[in-house]
Every structure is written in C-alpha cells, then in structure tokens.
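Protein chains in written order, with my numbering: chain A, 1 to 432; chain B, 433 to 758.
Even glycine gets a Cβ: it sits at the ideal position worked out from N, Cα and C.
Accompanying notes for the structure given below.
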Amino acid sequence: MPSLLIKNGRVIDPANDINEKADILVVDGSIAQVGKIEATSDLTINAKGKFVLPGLIDIHVHFREPGDEEEETIASGSAAAVAGGFTSVVCMPNTNPPIDDATSVEYVHRMARQARKTHVYVMGAITKDRAGEQLSETGFMIQAGAVGFTDDGNGVQNTSMMLKALKYASMFKNIVIAQHCEDTSLGTKGVMNAGYNSTVLGLPGIDPLAEEMMVWRDIQLVRKTKMRYHVQHVSTARSVELIRQAKHQGLPITCEVTPHHLLLTDAACCDYDTNHKVNPPLRTDDDIKAIKQGIQDGTIDALASDHAPHLRSEKELEFLAAPFGIASLECALGLYIKALIEPRVIDWPQLVSIMTQRPAQIISVDKGTLGKGKQADITIIDPEATYRVDVNKFRSKSKNCPYDGWKLAGKVEYTIVGGEIRYSSRKQDSAD
Amino acid sequence: MKKNQFIWKRKHLLGLRSLSREEIEHILDTAKGFEQISTRSIKKAPTLRGKVVVNLFFEDSTRTRNSFALAANRLSADVIEFTQKSSSVSKGETLLDTAKNLEAMGIDIVVIRHSAGGVPKFLSRNINASVVNAGDGFCEHPTQALLDTYTIREIKGSLEGLKIAIVGDIAHSRVARSDIYAMTKLGAQVILVGPPTLMPAKVEQLPVKVSYSLDDILGELDVINMLRIQFERLGSNPFPSIKEYSHYFGLTVDRMKKAKKDILVMHPGPINRGLEMESEVADGPNSVILQQVKNGLAVRMAVLFLVNQGAMMRQKIKDRRERLED
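What follows is the structure in structure tokens.
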C-alpha cells in the first residue's frame, strides 16, 4: 500500500485534544505520525485551508440489503457514505429478511467487503423477526461481528421481553442494546407528530409520550440490569431530560439525534410532502431547542443520519400510505454544520467528537481518533466551501430527501478508509 | 355592493381553512342563485355543458356522491362515477395513476373523497383538472360546512354573533374542522362539545371554546350540530359505552327542554338514531336536517360552477401570457 502524507491541514482530533495545523503520515494503512513532518511519501495531499478529521462515523443507516435492493444496496449505500465523509457506518437490521442470525450478519460484511468503500458494521435484531417475542441468537451474531442489537423500526413493546434482552446481553462484553423508543399503544396509526398541525391536517398523530414512555421504562430496566443501552433518534424535549437525569445517576445510557430532528418541525408536513414523513416524526421548535441544549451539555452522544432510502414510487402516495424515512447520508455533515456550527451551538472540536470519538465508543470500536498506530480512517473537508444539495447526483439509489436544493457548507474533499482514498471530490486523485 | 366586485379566482376547492370570509360568502351567494333551478319544471342549466366531472370516491358515501352527481347533472355536465372501496397501496394502481388515467380521458373536475387527509391537495399538485374535496380523512369536508352555514344563514339571516355547538367525535371529524373554519370566519362563536377522549390534539389552539358538558351550555345555543359517532374511525373505545355516551352527549327530548325555543338542530347524516339524538328530536320542529340535504345541492352546484370559472380564468391568463411571449 502506498504511503500517504497529508500536509498543512488543520487537524481536529478531540480524542487526543488536537486542534491545530499539522501533517499526518499514513504508512501501511495506519497513522504513522502526526505533527510537522518532513518525510517524503508515495502520495501527498495538500490540505491547506482544509480540516483533517478522524473518519466520520454514522451509527444509524438503512442499506436495505438483503431484500429491498431496489431502494439501496450495501454497495450504493457505501458509496453514498464515503461521498458524505463517513468511513464507518452501522447498518440497521430491519431488512427483509431481518438481520437476526449470524449468517445474515456475515452476509452484510461480505457485501461490504466487495463494495470496498466504507467500514460497515451491523446491529442485529434483538428479537427473532423483530417481532418482540423471542430473543434472537445474540451470542452467535456477536461472534459474527455484530456490534449491538436493536429492533429498529419497532420498539420492543413487551417490558418483560426487554428486561430479558438487557439481562441476557449483559453477559457479553462490548455490546450495546439500542432501542427505537415508541410505545405503539400510544400512537399506533400515527403518521406525524400529534399536535396542532396534525389536527388541522387531519392526520393521525404520534404522541410525544409514545417515545417518552419507552425511554422512561427502559431507564428503569437499565437501572436494574446495568446493561449498556442506547436511545436511537431522540426526538422530544422530555426524552432529552429523562436521559440527562439517567446519566446524572450514572446509568450506562447513550443516545443519538438525527439531522432532521435538528432542522425540521412538523410544520414541514403542511404540504403533505411525504419526504417529511419520518419516524419518530418531526416535532416542534421547543423540542429542537431542547435537543440542542442536550448536545451542548453532552447529554446527546452522537449524531446519526437514520438514512432511510425509499423509492420515488413509494413516496408518491397519499401521506397516510407512504413509508417513513429520509435519505440524507450524503449531505448529513452539511446539515449538522447548518444546525450546530452556524448558529454557534457547539464548536468544531465538539462537532467532530460527536461524529467520531463518541459514536465509536457506543459501538465499542477502536476508531474515531487520529492517534498514532490507529487505522487510518480520515475525512478531509473544506469547511467554507458551499454546495447545493442535488438528489439527482446522489450515489444513494433513493432520492427521498427534503433538503434537495438546500445550500450547505462543508464540502467533503477526501474520504480515506484504512489508508486508501475511497472518495475524492476531484476526479483525478491525490498526487498534487 | 361588494359581492358584485368580488372575483372568484380559485381553480380548486380543497378546504375552507385557507378561504377568506369574502370567498365563503361568495360561494353562499352563488348557491342562492342556483337554488331556484331545482324548483323549475325543467331542472337544468347549461352552465357546464361539455364539461366532464368525475366522482372519484374511495370511501362509502350516498348523500354526498349523489348530491354532487345531481349538481353536475343540473349544470349539464357529463358525470363519470368511479367508486373504489379502498385505495390500493401495495397492490394494483396507485391513487396518482388512477387520477392520471382519468385525466387522460379529458376530465375537467375531479370530485374526490378519500380516507386519507391531504389527498385532494396531493391530487391538485399532480393533475391539471380542478379538484373539489368531498371529504378527506378527518381533514376537511368543505361542501358540508358550506351547506351547514348556508342553512343557518337562510334561517337566521346571518351567523354574526350566533353561538353554535358542534357535539361529538371532534377528533375524527372532517365536518367539525370545516365547520369551525366557515362558522368562525362568518362571525359565529363555536363551542366544541364531547368527552376529552374525542378532542383533537392542541384543540385549544383552534379559534373555539371547548365544553365537556352539553347541559352547561345548551341553554345559550342558537344552533347545535350533532356529529355522527363514526365507529369505523374510532380505535379502542374512547368512551365506556354507547349508553353512557348518549347519557352525556345525546340530544334527547328531555334535554331539548333546556334549549332555546328557536334552536336549530343539525346533523350531517347519516344519523345513528337513539345514539346522537332521539328520533323525536331528529324529526322534530327544530330539526333542519332535510333542509341541509336540500341546500347541499345548490351549494355543490355553486362550487362546481365556481371552480370551473376559476380554471377558465387561469387558462385565459395563461393563454394571454403565451400570446404576449410569442
């Protein structure tokens, strides 16, 4: 493998408390040196004026394979990931059939190796068929490389089942149980946030309580089991508050938030545009405010796109009938910059931390830093350069993106995975 | 007079929430003009001759569908009936395909009823024909509210200052929503009555009052509109029993003794007799239920006429613009 020298960039590596101009030398796929480097290399990238970051990590994506390859494949999703600056992603198990056994986990890994773009990790299903009735083979899936478990798309409704899942998983190391928090008895047929807008639009609502009740319940179960637990796509102010309190009590709880829950409210549904139909639903300005506070004070550990591709034909239906989901992997970084950096909610090192180091900790992988000897996953961005989101240029197979046409900052220049340039904004690679 | 200066510009009637008071009054005034057609020996006007109206109904309806069909017939339009029990989502044709196929046949106006809120708006964005909402989910039912206000105006002269209660399942009622918009815009005070489990989310943000006790407010009312309990829309029972519901919110002969002598009793139909109201009340002297049905025809004629006018005006403006560009 050719060696690679990244010169003159501003290196932001919160794990090592670095935020300064420095060079990085990559040899044999690993970080050999960070600092002022005079050595020569096979390839050189001049990163003057650019930010050099640990490879970005998205712990919540849907690549639809196996089963719905017309919407996305592991190959197309991986290409979208590196174009968005992501060197690692975690696939959710709600495929068809669901990823609920070791063979399925291995299948995803194999397709990811073939795609040769981003690192692809897998969360297996907590329960067989994601039906909430019987534990799936947690141990075998861990042996196959699963980093955690969730029935994403469904919350585990039955309290005793969830308690069992947390208890059982606690005998394994470095595993997290993640939950899509939604008590369906409180909003089973809802298609948007329950509130004034759902009332005037005449659409059935999903009460914020549906999320909050399950967050609250699971916190009690974590208190009992001490199992590591992660709340996926937090969407309400009360959920943030519950998680904050649980963390203060020392419980091993983490959580993530999506770009759409930082940027959009249920008012966006007023045109019945199904690209705004997502679960958990878009909430209110007050919820966004609370989530931003949660990011500021560290309650929220990670940003995750919940990239959920759907075909145009599926989304071109009445709002009630269209599927939930937003495809945003390729523009996620720009969305986070818009939501958090531009209004000065947090600074760059903080943003990088919740996109690299902290998500890596949640899934217990040795990533998210540019420390010496680490695998060289590196994302180089131009923080000032702007672009217009154009869904027709997405590598993702699906275009269900409400941000089409938005002007965003933070262009991805290079995405380097294991020391190899897997994405470059320039057609001709590297050697300046 | 201001109504002579008013020019109707809308190509669609999707709901009343976005309509101005002037627009609502213009529809009602136009309906007044159409009313006498039904009393002539030849009950027809040539207004929509050569136009095609399709009745696209994805939900059961007798009253509204027939009323629209008759209204279109009276205006000399050709009417296509298209009834489908449910919109096919996973199998068969999508709603949009159905509409585009009908459009390819050269239709001018789509009258649509659908169980999903927002479908008329969705259609209006995707096809060229005029779209008239005949009820979408629990979003709006504009022609019902127009005939309700028409009926009240006909008898009371005006809605200004009237106290009107809408009683029942507000949460799942498109009639209630359209009524709220129309009645409050015309100056009435609207009180929603029913158990809290049948009130929609954030009801306090609507321009209405809410009461959980029919007895408390019945004496003040000028109009009472009793909604149908729609068992098909209710999830797990929002009240313990029909008997208990009727006890608190049913309009009985006994309860009517507390009401003003000239209170108007309305119902959008079909009535669950003995549930929302006793037969003696439904058929009693205060009931205007059949007048509502009768007025529905004039109102729907007015709506079809106006959306066609709006469409033609838009076409004219477009043609002129294209000529200028040539």
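Simplified DSSP assignment, three categories, for residue i
| i | result |
| --- | --- |
| B:Phe554 | helix |
| B:Val607 | helix |
| B:Lys435 | Because the pLDDT at B:Lys435 is just 49, under 50, the model does not fix this residue reliably, and the value given afterwards should be weighed accordingly. Correct three-state label for B:Lys435: helix. |
| B:Gly466 | Inspection of the sequence shows that residue 466 of chain B is occupied by Phe rather than by Gly. Note: B:Phe466 maps to helix in three-state DSSP. |
| A:Cys269 | helix |
| A:Asn154 | coil |
| A:Ala304 | coil |
| B:Phe737 | helix |
| A:Leu53 | strand |
| A:Ser313 | helix |
| A:Ala322 | coil |
| A:Ser104 | helix |
| B:Asn560 | coil |
| B:Asn704 | coil |
| A:Ile363 | coil |
| A:Cys401 | coil |
| A:Thr254 | strand |
| A:Leu43 | strand |
| A:Cys331 | helix |
| B:Gly742 | helix |
| A:Phe394 | coil |
| B:Asn669 | coil |
Beta carbon of residue i nearer than 8 Å to that of residue j
| i | j | result |
| --- | --- | --- |
| B:Tyr644 | B:Ala463 | no |
| A:Tyr107 | A:Thr138 | no |
| B:Ala597 | B:Ile559 | no |
| B:Met658 | B:Met698 | yes |
| A:His62 | A:Pro309 | yes |
| A:Thr199 | B:Lys693 | no |
| B:Ile456 | B:Leu446 | no |
| A:Gly419 | A:Asp42 | no |
| A:Ala178 | A:Leu135 | no |
| A:Val191 | A:Lys277 | yes |
| B:Ala531 | B:Leu555 | yes |
| B:Val543 | B:Ile512 | no |
| B:Thr496 | B:Gly567 | yes |
| B:Pro845 | B:Arg732 | Any property of residue 845 of chain B remains undetermined from this structure, which presents chain B solely from 433 to 758. |
| A:Arg238 | A:Pro208 | yes |
| A:Pro54 | A:Thr95 | no |
| A:Met123 | A:Ala144 | no |
| A:Ser328 | A:Ser305 | yes |
| A:Ile291 | A:Pro402 | no |
Euclidean distance between Cα positions of residue i and residue j
| i | j | result |
| --- | --- | --- |
| B:Ser519 | B:Leu527 | Any reading at B:Ser519 is ruled out, since the residue's pLDDT is 46, under 50, leaving its predicted position unreliable. |
| A:Gly371 | A:Tyr196 | 50 Å |
| A:Met355 | A:Ile57 | 6 Å |
| A:Pro2 | A:Asp377 | 15 Å |
| A:Asp382 | A:Asn19 | 15 Å |
| B:Ser450 | A:Lys399 | 31 Å |
| B:Asp758 | B:Ala743 | 22 Å |
| B:Leu729 | B:Ala509 | 15 Å |
| B:Leu756 | A:Leu320 | 43 Å |
| A:Met92 | B:Gln621 | 52 Å |
| A:Gly373 | A:Met141 | 28 Å |
| A:Ile363 | A:Ser88 | 11 Å |
| B:Val521 | B:Val551 | Caution applies to B:Val521, whose pLDDT of 44 falls short of 50 and renders its modelled position unreliable; the model cannot decide the point. |
| A:Asp432 | A:Ile45 | The predicted model places A:Asp432 with a pLDDT of 38, which falls under 50 and marks its position as unreliable; any figure quoted below should be read in that light. If I take the Cα positions, the gap works out to 6 Å. |
Which residues DSSP lists as bridging residue i, in chain order
| i | result |
| --- | --- |
| B:Glu513 | B:Asn487 |
| A:Leu135 | A:Thr127 |
| A:Ala178 | A:His230 |
| A:Gly148 | A:Met123 and A:Val176 |
| A:Met355 | The partner list for A:Met355 (beta bridge, DSSP) is empty, contrary to what the question assumes. |
| A:Tyr387 | A:Leu408 |
| A:Leu264 | Bridge partners of A:Leu264: none, in fact. |
| A:Cys91 | A:Val61 and A:Val122 |
| A:Gly205 | A:Met192 |
| B:Ala597 | B:Ile623 and B:Ile656 |
| B:Glu572 | B:Asp568 |
Exercise. Three or more beta-carbon pairs under 8 Å between the stretch 549-564 of chain B and the stretch 588-602 of chain B, yes or no?
Worked result: no
Exercise. Does the stretch 91-103 of chain A come close enough to the stretch 338-346 of chain A to have 3 or more Cβ pairs within less than 8 Å?
Worked result: no
For this session: Mind the definition here: the stretch 29-48 of chain A touches the stretch 387-403 of chain A only if three or more C-beta pairs lie below 8 Å; say whether that holds.
Result: The stretch 29-48 of chain A makes no contact with the stretch 387-403 of chain A, as fewer than three CB pairs between them are under 8 Å.
Exercise. Are the stretch 291-307 of chain A and the stretch 251-264 of chain A touching by the rule of at least three beta carbon pairs closer than 8 Å?
Worked result: yes
Exercise. Which residues, in chain order, does the stretch 572-584 of chain B contribute to contact with chain E at a C-beta distance below 7 Å?
Worked result: This model lacks chain E altogether, as its protein chains are A and B.
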